[in-house]
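Protein chains: 2
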Amino acid sequence: MGLQETMKALSDPTRREILNMLKRHSMTSGEIEEQFDISFAAISRHLSVLRDADLVRDTREGKYVRYELNASVLEEIMLWVKSLQEN
Amino acid sequence: MGLQETMKALSDPTRREILNMLKRHSMTSGEIEEQFDISFAAISRHLSVLRDADLVRDTREGKYVRYELNASVLEEIMLWVKSLQEN
DNA sequence: AATATATTTAACATTTAAGTTAAATGTTAA
DNA sequence: TTAACATTTAACTTAAATGTTAAATATATT
Numbered sequence: 371m372g373l374q375e376t377m378k379a380l381s382d383p384t385r386r387e388i389l390n391m392l393k394r395h396s397m398t399s400g401e402i403e404e405q406f407d408i409s410f411a412a413i414s415r416h417l418s419v420l421r422d423a424d425l426v427r428d429t430r431e432g433k434y435v436r437y438e439l440n441a442s443v444l445e446e447i448m449l450w451v452k453s454l455q456e457n
Numbered sequence: 371m372g373l374q375e376t377m378k379a380l381s382d383p384t385r386r387e388i389l390n391m392l393k394r395h396s397m398t399s400g401e402i403e404e405q406f407d408i409s410f411a412a413i414s415r416h417l418s419v420l421r422d423a424d425l426v427r428d429t430r431e432g433k434y435v436r437y438e439l440n441a442s443v444l445e446e447i448m449l450w451v452k453s454l455q456e457n
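These protein sequences, in sequence, are chains V and F. When you number the first sequence by this note's numbering, it's gap-free, plus one each residue, and the end is 457. When you number the second sequence by this note's numbering, it's gap-free, plus one each residue, and the end is 457.
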């Protein structure tokens, strides 16, 4: 956890795009995968990186797993960036 | 250039620490290197990543090269993060 | 010009990340 | 309980990132 894990998670364009998608509404793994050309397994691993960084939360809904954005973690990044900007 | 290059550059803890140091005042390569346990060459490469991402600017001062923070690039990150936060 | 100092680049080794396919797990429904 | 579907994990491959040491470049000094 912490800034390092967050920044690392955000450094991959596929993961950032997933977060962009989740901004609108929550989605299942399958719905997310459909939007990309890479394999289901690859998306699943990206989702686990985002989950470990607490950038998304997942809940099982029957045989689906639904992902939603957790933007609260981003506050730490905002603070760090701001601290560089001021002065 | 662009968000991807910026995020990638910021995903390394050594590079973030360099930016933190430059927040206070500009520093030469050597002064920066002194603060870390890794080799001069490794720091030099980190600096080149930061320079390519336009997060720092460098100017030669005699036999030294002085690095200063360029925070303007961070605006793009702020906008992206904010766009995730609102809603 | 030769030498010393500061910094960068090159070549290489090691580690980490991201992708693939196949196997495993969890859930629903026949 | 078996079959089908959704998702995750495992094993593996390839590419990229990070570190090291040594060579190259740039500037200053003698």
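Just so you know, even glycine gets a beta-carbon here, dropped at the ideal spot from N, CA and C. Predicted model, so just to flag it, every value in this text is computed and none were measured.
DSSP three-state label for D422 (chain F), please.
The sequence position of residue 422 (chain F) within the second sequence is 52, counting from 1. Of the three classes helix, strand and coil, the one that applies to D422 (chain F) here is helix, per DSSP.
What is the DSSP secondary structure of E438 (chain V), reduced to helix, strand or coil?
Here residue 438 (chain V) refers to the residue found at position 68 of the first sequence. Residue state, collapsed to three classes: strand.
Distance, Cα to Cα, L425 (chain F) vs L444 (chain F)?
In the second sequence, counting from the first residue as 1, residue 425 (chain F) sits at position 55. In the second sequence, counting from the first residue as 1, residue 444 (chain F) sits at position 74. Between L425 (chain F) and L444 (chain F), the C-alpha separation is close to 8 Å.
Residue-level contact to chain F via CB, V443 (chain V), 7 Å cutoff
For the purposes of this step, residue 443 (chain V) is identified with residue 73 of the first sequence, where counting begins at 1. For V443 (chain V), the answer is no, since every Cβ of chain F falls outside 7 Å of its Cβ.
Cβ of S381 (chain F) less than 7 Å from any chain V Cβ?
The residue given as residue 381 (chain F) occupies position 11 in the second sequence. True, the Cβ-Cβ gap to chain V drops below 7 Å.
Give a yes or no on whether 7 Å exceeds the smallest Cβ distance from V451 (chain V) to chain F.
For the purposes of this step, residue 451 (chain V) is taken as residue 81 along the first sequence, with counting starting at 1. Against chain F, the CB of V451 (chain V) has a partner CB under 7 Å away; the residue lies at that interface.
Taking G372 (chain V) as part of the alpha helix (DSSP H), name the residues at either end of that continuous run.
One-based indexing of the first sequence puts residue 372 (chain V) at position 2. Per DSSP, G372 (chain V) is not a residue of any alpha helix (DSSP H), being assigned neither H nor E.
Reference E404 (chain V); option with closest CA among V:E431, V:L449, V:E387 and V:A441:
Counting from one through the first sequence, the residue named residue 404 (chain V) turns up at place 34. It is V:E387.
Are the CB atoms of E446 (chain F) and L373 (chain F) nearer to each other than 7 Å?
Translated into positions along the second sequence, residue 446 (chain F) becomes position 76. Translated into positions along the second sequence, residue 373 (chain F) becomes position 3. A contact, by the Cβ cut-off of 7 Å.
Reduced DSSP category for E431 (chain F) - H, G, I as helix; E, B as strand; rest coil
The residue you call residue 431 (chain F) lines up with position 61 of the second sequence. Three-state result, E431 (chain F): strand.
Suppose the cutoff is 6 Å on Cβ atoms and the five residues either side in sequence are ignored; what does the same chain contact list for F410 (chain F) look like?
Looking up residue 410 (chain F) in the second sequence gives position 40. Taken in chain order, the residues that qualify are E403.
Just to confirm the assignment, what range does the alpha helix (DSSP H) spanning I402 (chain F) have?
Within the second sequence, the letter at position 32 stands for residue 402 (chain F). Here the alpha helix (DSSP H) through I402 (chain F) covers S399 to E404.
Put I408 (chain V) into one of helix, strand or coil per three-state DSSP.
By one-based count along the first sequence, residue 408 (chain V) stands at place 38. In the structure shown, I408 (chain V) sits in coil (DSSP, three-state: anything other than H, G, I, E or B).
Return no unless some Cβ of chain V is closer than 7 Å to the Cβ of K433 (chain F).
Sequence index remark: in the second sequence, residue 433 (chain F) carries index 63 (1-based). No, its Cβ sits nowhere closer than 7 Å to a Cβ of chain V.
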